[in-house]
Amino acid sequence: MAYLDAAAAEPLHPVARQALLAALDDGWADPGKLYTQARRARQLLDAARASVAEAVGVRTEHVIFTPSGTSAATLAVHGGLIGRQRYGTTVVHSAIEHSAVLHAIGEHGVSVPVDRTGRLDLDAWRAAFAAPGVALAALISASHEVGTAQPVEAAAVAGVPLYVDAAQSLGWAPVPGEWSLLSASARKWGGPAGVGILAVRPGTRWTTPFPDNQREYGSVDLPSIVAAAASLRAVRATAERDAARLRTLVDLIRERVPATVPHVEVVGDPTDRLPHLVTFSCLYVDGEALLHALDRRGFAVSSGSSCTSSTLRPSHVLEAMGVLSHGNVRVSLPRDVADEDVHRFLAELPGVVAELRAEAGVTGL
Amino acid sequence: MTPEVLDCRGQRCPLPVIALARRLPELPVGAVLRVLADDPAAGNDIAAWCRMREQDFLGSPAPDTFDVRRAG
Numbered sequence: 002m003a004y005l006d007a008a009a010a011e012p013l014h015p016v017a018r019q020a021l022l023a024a025l026d027d028g029w030a031d032p033g034k035l036y037t038q039a040r041r042a043r044q045l046l047d048a049a050r051a052s053v054a055e056a057v058g059v060r061t062e063h064v065i066f067t068p069s070g071t072s073a074a075t076l077a078v079h080g081g082l083i084g085r086q087r088y089g090t091t092v093v094h095s096a097i098e099h100s101a102v103l104h105a106i107g108e109h110g111v112s113v114p115v116d117r118t119g120r121l122d123l124d125a126w127r128a129a130f131a132a133p134g135v136a137l138a139a140l141i142s143a144s145h146e147v148g149t150a151q152p153v154e155a156a157a158v159a160g161v162p163l164y165v166d167a168a169q170s171l172g173w174a175p176v177p178g179e180w181s182l183l184s185a186s187a188r189k190w191g192g193p194a195g196v197g198i199l200a201v202r203p204g205t206r207w208t209t210p211f212p213d214n215q216r217e218y219g220s221v222d223l224p225s226i227v228a229a230a231a232s233l234r235a236v237r238a239t240a241e242r243d244a245a246r247l248r249t250l251v252d253l254i255r256e257r258v259p260a261t262v263p264h265v266e267v268v269g270d271p272t273d274r275l276p277h278l279v280t281f282s283c284l285y286v287d288g289e290a291l292l293h294a295l296d297r298r299g300f301a302v303s304s305g306s307s308c309t310s311s312t313l314r315p316s317h318v319l320e321a322m323g324v325l326s327h328g329n330v331r332v333s334l335p336r337d338v339a340d341e342d343v344h345r346f347l348a349e350l351p352g353v354v355a356e357l358r359a360e361a362g363v364t365g366l
Numbered sequence: 083m084t085p086e087v088l089d090c091r092g093q094r095c096p097l098p099v100i101a102l103a104r105r106l107p108e109l110p111v112g113a114v115l116r117v118l119a120d121d122p123a124a125g126n127d128i129a130a131w132c133r134m135r136e137q138d139f140l141g142s143p144a145p146d147t148f149d150v151r152r153a154g
């Protein structure tokens, strides 16, 4: 099997596994209590928080742990709206935010377009703040579907907190710029699935929606948090080397797929992008059939085609870019991917697409 | 001149795009083909097909209706 869907979840990092097992033995007590076992748990939690804070680039007390990336995104938006309710209810956001962020924004959103490569239109973005009542701005650090990096530094607008969804990029590098809120998900860097992170910079008008002014609601999953922090530290330590290797493989995919498969469009920015993610669309091919055919040959990939989504709607990201949504494949490489897996994918893809086109009676178009 | 109509309603993507790719080359250069399609991806994908295959996407004059002109 070749697992090529790291943008959904990266396999558990060996360091995360070790830390998780150790913390299951050592960090099971309630860290809020006043006995030896609790103090040990508290130490582990404090150390994990400090480690994550360092990776994000904030002080320890500005990191909030949540039960998932989605809950961190929801908490960022809802807390931001409550904190800024005196100023308005509108959230200015890019058209390519993750659906978790769009769901959290709900009816409060003003969507700002992106160009064909999936990069934010900064002029339209700045113009959107001219209207009164903007409470919050939301911008993904790099597209989870096409990999294009977003101009986070240039997108900060004075007086309005900027929330950055850094789920796909935090494992590679801290997010630069004057952002106010940042969320991430440990599953994207080899941590366990049930850990999200919300960072709130000092001075941000953000108010927790939880009772009793609690920032972390209920008990936290301490062993998973310890594992998430250990994994983040581990992937950051090798990020430069890993990114260089994966960039080479992604460049190879970007070059070989259009050269070997007719009528394919590789989408997203060719250079200013995530190191591990590449997306392309094949004309005349059903995305769901393509995923199944690739799965049968041992390739796990993802798709933004409508037939693969529960709503039967095409990906709003591909639509916003105006690129083909059917026959869509997202390949995202885990850090430990074997070169051979990518080479085998490139060798088999042309045959898979040709077979599906022949089955659909699509030849000579 | 009334454009020729290609009724793809009820078809899921990529079927309307396939039907368009089959029919358009049979028309003379400059002719307009009106595609009726109600798949939620149809408008986006017909426009993207026109860009990739260098044909003219003329827009959507009505819901689920997309006009394409053969450019070459």
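Protein chains in written order, with this note's numbering: chain R, 2 to 366; chain L, 83 to 154. For each residue, glycine too, the CB sits at the ideal point set by N, CA and C.
**Report entry** Residues near D47/R in its chain [Cβ-Cβ closer than 8 Å; skip 5 each side]
**Finding:** T61
Requested in this report: Would you verify that the beta carbon of R104/L is, or is not, closer than 8 Å to some beta carbon of chain R?
Outcome: yes
**Report entry** Close beta carbons around A10/R, own chain, < 6 Å, minus the five adjacent residues each side
**Finding:** R188
**Report entry** Closest residue to V16/R among L253/R, A228/R, V363/R (Cα-Cα distance)
**Finding:** A228/R
Query raised in the report: In its own chain, which residues sit with a C-beta less than 6 Å from the C-beta of G84/R, not counting the 5 before and 5 after it?
Result: R206, W207, T208
Query - Spatial distance of D149/L from F300/R (CA atoms) - result: 38 Å
Query raised in the report: Are the beta-carbon atoms belonging to Q169/R and A132/R less than 8 Å from one another?
Result: no
Query raised in the report: L171/R and A194/R: beta carbons closer than 8 Å?
Result: no
Query raised in the report: By Cβ distance, which residues of its chain are closer than 7 Å to Y4/R, with the 5 residues on each side in sequence left out?
Result: P12, A301, P335
Report task. Could you check which residue in T149/R, D243/R, I106/R has the C-alpha nearest to that of V115/R? Result -> T149/R
Query raised in the report: Roughly how many whole angstroms lie between the Cα atoms of S112/R and D340/R?
Result: 39 Å
Query raised in the report: Between the Cα of V158/R and the Cα atoms of T118/R, A125/R, V262/R, L278/R, which residue gives the shortest distance?
Result: A125/R
**Report entry** Selection of the region 316 to 327 of chain R by Cβ proximity to chain L, strictly under 8 Å
**Finding:** L319, E320, G323, V324, L325, S326, H327
**Report entry** H104/R to W131/L span [Cα, whole Å]
**Finding:** 30 Å
Query raised in the report: What residue ranges within the region 64 to 121 of chain R form continuous beta strand (DSSP E) runs of no fewer than 3 residues, ordered along the chain?
Result: 64 to 67, 91 to 95, 110 to 113
Query raised in the report: Would you call the CB atoms of D296/R and T118/R closer than 8 Å?
Result: no
Report task. Find the residues of chain R that neighbour A153/L, judging by a C-beta separation of less than 9 Å, and give them in chain order. Result -> Simply none; closest approach about 16 Å.
Report task. Run the CB neighbour count on V318/R, radius 10 Å, all protein chains shown included, and call it buried at 16 or more, exposed below. Result -> buried
Query raised in the report: With a cut-off of 8 Å, does the C-beta of V150/L fall near any C-beta of chain R?
Result: no
Requested in this report: Using a Cβ cut-off of 8 Å (strictly closer), state whether R257/R contacts chain L.
Outcome: no
Query raised in the report: Shorter than 8 Å from the beta carbon of C95/L to some beta carbon of chain R?
Result: yes
**Report entry** Limits of the beta strand (DSSP E) - the one that N126/L falls within
**Finding:** No beta strand (DSSP E) contains N126/L, which is instead part of the alpha helix (DSSP H) from 124 to 134.
**Report entry** Secondary structure of T22/R, DSSP reduced to three states
**Finding:** According to the sequence provided, residue 22/R is Leu. The question's Thr does not apply to it. Three-state result, L22/R: helix.
Report task. Compare the Cα-Cα distances from P177/R to each of E217/R, V153/R, H63/R and report the closest residue. Result -> V153/R
Report task. May I have the straight-line CA-CA distance separating H264/R from T280/R, to the nearest angstrom? Result -> 14 Å
Query raised in the report: Along chain C, which residues have their Cβ under 7 Å away from the Cβ of A129/L?
Result: Checking the listed chains, one finds no chain C in this structure; the protein chains it contains are R and L.
Query raised in the report: For D198/R, which beta-bridge partners are listed by DSSP?
Result: Note that residue 198/R is Ile in the sequence shown, not Asp. DSSP lists F66/R, A185/R as partners of I198/R.
Requested in this report: Determine, using beta carbons only, whether L284/R and G328/R come nearer to each other than 8 Å.
Outcome: yes
**Report entry** Closest Cα partner of L313/R within the set D287/R, Y36/R, P68/R, Y88/R
**Finding:** D287/R
Requested in this report: Answer yes if the region 85 to 99 of chain L comes into contact with the region 113 to 125 of chain L, meaning at least three C-beta pairs across the two stretches below 8 Å, and no otherwise.
Outcome: yes
**Report entry** Residues that DSSP places opposite T149/R in a beta bridge
**Finding:** R274/R
Report task. Quick one: using the 10 Å Cβ neighbour count with 16 as the cut-off for buried, is R87/R buried or exposed? Result -> exposed
Query - Test: E98/R CB closer than 8 Å to a CB of chain L - result: no
**Report entry** Amino acids of chain L, ordered along the chain, whose beta-carbon sits closer than 7 Å to that of R314/R
**Finding:** P122
**Report entry** Min CB distance V117/L to chain R below 8 Å
**Finding:** no
**Report entry** Residues near L163/R in its chain [Cβ-Cβ closer than 6 Å; skip 5 each side]
**Finding:** A138, A157, W180, S181
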